[in-house]
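Below: one structure, written as structure tokens.
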Amino acid sequence: MISVNSTNKCFYLEAESFSYVLRVNEIGFLTNAYFGKRIPRADLSYPKYDWNVATGGECCAERMSGLMQEYATYGLGDFREPALIPRDERGSRIAELAYLDYELLAEKPEIRSGIPTAEGRETLVIRLGDRDTGLQVKLYYTVYEKENILTRRAEIVNETAGTVTLEKALSLTLDLPEAGFELLTLWGHNNRERQPERTPLRHGRMCMGNTRNITSHQASNFMALLRPETREESGEVYAAALMYSGAHYEAAEEDEFGRTRLSMGIQPEGFAWTLQPGESFETPEAVLCYTDRGLGQMSRQFHDFYRSYVISPRWVDRERPVVLNSWEGMFFDFDEARLFDTIDGLKDSGIDTFVLDDGWFGARNSAEAGLGDWYPNRAKLPGGLAALAERCRANGLRFGFWIEPEMVNPDSDLYRAHPDWAIGVPGREPVVRRHQLVLDLTRREVLDWVKQTMADVIRESGASYVKWDMNRPLTENFSQGWPAERQGELLHRYVLGVYELAKFLTESFPEVFFEGCSSGGGRFDGAMLRYFPQIWTSDNTDAESRMKIQYGTSLVYPLSASSNHVSRVPSRQNFRVTPRETRRNVAYNGSYGYEFDIRKIPQEEFAAIKGDVERYRSLSALIRRGDLYRGSNRTESNEAVLSVVAKDKSEAYVTFYAALNCPKHHFVLKIPGLAPERLYRVEGKNLVLPGAVLERVGLTLPLLSGDFASFGFRLTAED
Ligand code: DGJ
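For the sequence shown, the tail end lands on 1764 under the numbering used here, and the numbers increase by one without skipping.
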């Protein structure tokens, strides 16, 4: 709920459990008066909240120096992180943003450039302006009351008489009048995505982010401030995630006066965006989440938000395909006969979709060639993709295939015809990664070609599933389609090109299910979830590694967004051998599928698939819609407990996992999230117990056999 008090000039943005209060102070600047646990709607204009008074500053001389700025600018005496650096024609970078007016919109506006935003209704727009130049900033706020989420973004409008170049335009400044927080971020690398890292915030600035122009394996666009005492189900959390898929930046800063500032937005390094008079620039949307009930509650709020307002309603609650993906089983080593054998072999297996991964097109017999030549390789596949789709249909399966539309191999017909279509500096030998270059999606002719080519391939394939991969970061950021002074726009324009392509393809083929991927989980973010209901979480399918990767992913994103496959052992990634039941139990906590070579999978493993898939289908609605409670997690402990509880508390699915077996250790499994008074029947045991007993007394587990043991069971309310 948003309400405005014009007398005390306060804006109240209230969700069920937080208040976010803005105030225009006595000298006309917009300040953050409060963000935290819900409070009564009070007049927060009393002096305590005017930092100028509190620090003894002279209002006029130190106008901006100590403010709790709602959107911080540069060079005016607040020496903390600015959100905005605009350079005008004189070379001045100063903008002093005073409050102008506000507007309450009944419907949330979209971002005109095409950056995806969450669905929403009532939106507050506050307009700020610089008296000297006329530059304006509009701040957009939407409250999601039930989910306890606030989205924020900024629009910079060039109302000046000349050109303005934005050297930095972040999505948010969040000023909190306190210090002593801990910082939670998600770092990682390929095969080890989204590893949580928690550290006390020191004086000064701590930054995350990347310049690769994908969300990246290395740094997720997520940052949270926690109290030192915050745990899984207790304590305050201020978290933010960015709806963006390119180079991003996050910073937390504790200053000498005991204040903390969180900043987030497009990565300023390499960024420069020119606005002619009358033009504007809209930043991506930041998703703010507050709770005083710990990380678990933070995750549940994020999950509800992404499920209700971000992931397409067409797919969010639909039964997901259970796939066999060809990659780990075959890599590039296949032909039509081998694929037909595989498809025939899957008949009645329980798997419902066969997905042909990389290698079906052009001269693509390895990663060295073929990207860009999007026609089936007839030597390998005489009947093309359509014959595979037909074979699937004949066996009661659906068909899916892999694309990497943003890329080109230098060894391809496309590159030979259009070398200038790749991003790179003319005359300079490009850095080639995975033998490939990035197509310049900032150029209309390139983007239109990719759109058309992909649409043709999908239409002709007869597929109902497409896996969209992206396997290299951007380097040598130079476009032959733009003049020198616009090169700083390249990275963001590229991301806009990706969104245009994704929107076009998903809207052109509404019945095709698109899964996102980027060398595993290198582009896992809220903006991608707008197009891809699920994203390949990691190329690392080893169950022990996945327990950690999926834990970090689940901090922000719902389980259904996480694409998990059971693969063969020893693991292709780290040669670890884990039991089949554990690989399955770990993969159950997400959108489920397989990777194997049908010729090599042991008979008993193959035979088990049918029952395992049936079991998954019986659980999948609960996994998609339920509330996730994490009793313990593998990042911090040898054992992990996951409990997915139905919204009405009528049932739960519990997963227990122990990495190493401790022979004398009897683990007591305490199950969080149940209704305390309701009676639950424990699957497989002759036991009916109240939720509070299962949570507080728990179940003592028998000795487990071997390492990486796990089991899963259902709890069903008796009433
Ligand atoms: C990287 C992906 O993460 C893999 O699953 C697979 O699709 C390969 N690319 C194919 O090149």
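Just so it is clear, CB atoms sit at the ideal spot from N, CA and C, and this is done for glycine as well.
Assign ALA1106 to buried or exposed, taking buried as 16 or more other Cβ atoms, counted over all protein chains shown, within 10 Å of its Cβ. The residue labelled residue 1106 in the question sits at position 61 within the sequence shown. Confidence is the limiting factor: at ALA1106 the pLDDT is only 40, short of 50, which leaves the residue's position unreliable, though a coordinate-based value still follows. Classification for ALA1106: exposed.
Delimiting residues of the alpha helix (DSSP H) encompassing THR1118: Here residue 1118 refers to the residue found at position 73 when the sequence shown is read from its first residue. No alpha helix (DSSP H) holds THR1118; DSSP gives it neither H nor E.
Cβ pair count under 8 Å reaching 3, the stretch 1307-1324 against the stretch 1287-1299: yes
The beta strand (DSSP E) spanning THR1761 covers which residue range? Residue mapping note: residue 1761 aligns to position 716 of the sequence shown, counting from 1. Note, THR1761: beta strand (DSSP E), 1754-1762.
Mapping the DSSP letters down to three states, classify TRP1494 as helix, strand or coil. Stepping through the sequence shown from its first residue, residue 1494 is reached at position 449. Three-state DSSP puts TRP1494 in a helix.
Anticipated Cβ contact below 8 Å, PHE1444 with ASN1422, distance rounded: In the sequence shown, residue 1444 corresponds to position 399, counting from 1. In the sequence shown, residue 1422 corresponds to position 377, counting from 1. At roughly 17 Å, the Cβ-Cβ gap does not stay under 8 Å, so PHE1444 and ASN1422 are not in contact.
What ranges does the alpha helix (DSSP H) occupy inside the stretch 1240-1319, keeping only unbroken runs of at least 4 residues that lie completely in it? none
CYS1334 bridges to which residues according to DSSP? Taking the sequence shown and counting its residues from 1, the one referred to as residue 1334 is at position 289. Paired residue(s): ILE1194 and ALA1284.
Start and end of the alpha helix (DSSP H) containing LYS1425? Taking the first residue of the sequence shown as 1, we reach residue 1425 at position 380. Counting along the chain, LYS1425 falls outside any alpha helix (DSSP H), and DSSP gives it neither H nor E.
Given a cut-off of 7 Å on the beta-carbon distance, is the pair ASN1203 and GLU1324 in contact? Along the sequence shown, read from residue 1 onward, the residue named residue 1203 stands at position 158. Along the sequence shown, read from residue 1 onward, the residue named residue 1324 stands at position 279. Yes, Cβ-Cβ distance for ASN1203 and GLU1324 is below 7 Å.
Compute every distance between the C-beta of GLY1565 and the non-hydrogen atoms of the ligand DGJ, then say whether any falls below 6 Å. Position 520 of the sequence shown, counted from the first residue, corresponds to residue 1565. Yes, the Cβ of GLY1565 comes within 6 Å of a heavy atom of the ligand DGJ.
The stretch 1571-1581 touching the stretch 1515-1525, judged by at least three CB pairs closer than 8 Å: no
Say the cut is 6 Å; is the CB of ASP1402 nearer than that to a heavy atom of the ligand DGJ? Start at 1 with the first residue of the sequence shown, and residue 1402 comes out as number 357. ASP1402 Cβ: within cutoff of the ligand DGJ.
Examine the ligand DGJ and report whether any of its heavy atoms sits within less than 6 Å of the Cβ of ASP1030. With the chain covering only 1046 through 1764, there is no way to say anything about residue 1030.
Rounded separation between ASN1619 and ASP1642 - CA only: The sequence position of residue 1619 within the sequence shown is 574, counting from 1. The sequence position of residue 1642 within the sequence shown is 597, counting from 1. Rounded to the nearest angstrom, the two C-alpha atoms are 18 Å apart.
Evaluate the contact criterion for the stretch 1393-1408 versus the stretch 1358-1377: three or more CB pairs, one atom per stretch, below 8 Å. yes
ALA1685: first and last residue of the uninterrupted beta strand (DSSP E) it sits in: Counting from one through the sequence shown, the residue named residue 1685 turns up at place 640. Unbroken beta strand (DSSP E) run through ALA1685: 1684-1690.
Between TRP1372 and the ligand DGJ, is there a pair consisting of the residue's CB and a ligand heavy atom that are separated by less than 6 Å? Position 327 of the sequence shown, counted from the start, is the residue given in the question as residue 1372. Result yes, Cβ under 6 Å from the ligand DGJ.
Assign ILE1084 to one of two classes, buried (16 or more other C-beta atoms within 10 Å of its C-beta) or exposed (fewer than that). Within the sequence shown, numbered from 1, the residue matching residue 1084 stands at position 39. Classification for ILE1084: exposed.
Could you check where the beta strand (DSSP E) with TRP1527 kicks off and where it finishes? Along the sequence shown, read from residue 1 onward, the residue named residue 1527 stands at position 482. It is not in any beta strand (DSSP E) - TRP1527 carries neither H nor E in the DSSP assignment.
So what's GLU1061 in DSSP terms, helix, strand or just coil? Stepping through the sequence shown from its first residue, residue 1061 is reached at position 16. Here GLU1061 sits in coil by DSSP.
Span of the alpha helix (DSSP H) around THR1627: The count along the sequence shown starts at 1 and reaches residue 1627 at position 582. Its alpha helix (DSSP H) spans residues 1625-1633.
So for ASP1402, helix, strand or coil by DSSP? For the purposes of this step, residue 1402 is taken as residue 357 along the sequence shown, with counting starting at 1. Coil.
Which of the three DSSP states is assigned to ASN1050 in this structure? Residue mapping note: residue 1050 aligns to position 5 of the sequence shown, counting from 1. If DSSP states are grouped into helix, strand and coil, ASN1050 belongs with the strands.
Tell whether a beta-carbon distance below 7 Å holds between GLU992 and ILE1047. Summary: the structure shown does not reach residue 992, with the chain confined to residues 1046 through 1764, and so no result is reported for it.
In the structure shown, what three-state DSSP assignment does PHE1347 receive? In the sequence shown, counting from the first residue as 1, residue 1347 sits at position 302. The answer is helix: DSSP assigns PHE1347 an H, G or I state.
According to DSSP, is GLN1618 helix, strand or coil? As a position in the sequence shown, residue 1618 is number 573, starting the count at 1. DSSP places GLN1618 in coil when its eight states are reduced to three.
How is MET1515 classed by DSSP in three states: helix, strand or coil? Counted from its first residue, the sequence shown places residue 1515 at position 470. Of the three classes helix, strand and coil, the one that applies to MET1515 here is coil, per DSSP.
Is the beta carbon of CYS1707 within less than 6 Å of some heavy atom of the ligand DGJ? Position 662 of the sequence shown, counted from the first residue, corresponds to residue 1707. No, since every heavy atom of the ligand DGJ falls outside the 6 Å radius drawn around the Cβ of CYS1707.
So is ALA1754 buried or exposed if we call it buried at 16+ other beta carbons inside 10 Å? Here the question's residue 1754 lines up with position 709 in the sequence shown. ALA1754 is buried by the Cβ-count criterion.
Hey, how far is the Cα of ARG1662 from the Cα of LEU1150? The residue labelled residue 1662 in the question sits at position 617 within the sequence shown. The residue labelled residue 1150 in the question sits at position 105 within the sequence shown. One C-alpha to the other measures close to 42 Å.
With DSSP run on the structure shown, which of helix, strand or coil describes CYS1437? Counting from 1 along the sequence shown, the entry for residue 1437 is found at position 392. Correct three-state label for CYS1437: helix.
Using a threshold of 6 Å, is the CB atom of CYS1334 nearer than that to any non-hydrogen atom of the ligand DGJ? Indexing the sequence shown from 1 puts residue 1334 at position 289. Outside the cutoff, so no.
Quick check: does the Cβ of ASP1584 come within less than 6 Å of any heavy atom belonging to the ligand DGJ? As a working mapping, residue 1584 is identified with position 539 in the sequence shown. Yes, Cβ of ASP1584 sits closer than 6 Å to a heavy atom of the ligand DGJ.
With GLY1638 as the anchor, note down where its beta strand (DSSP E) starts and where it stops. Reading the sequence shown from its first residue, position 593 is the one you call residue 1638. Taken as a continuous stretch (DSSP letters only), the beta strand (DSSP E) holding GLY1638 covers 1636-1640.
If we ignore side chains and look at the alpha-carbon of each, how far apart do THR1052 and PHE1074 end up? Here residue 1052 refers to the residue found at position 7 when the sequence shown is read from its first residue. Here residue 1074 refers to the residue found at position 29 when the sequence shown is read from its first residue. So the two alpha carbons sit approximately 15 Å from each other.
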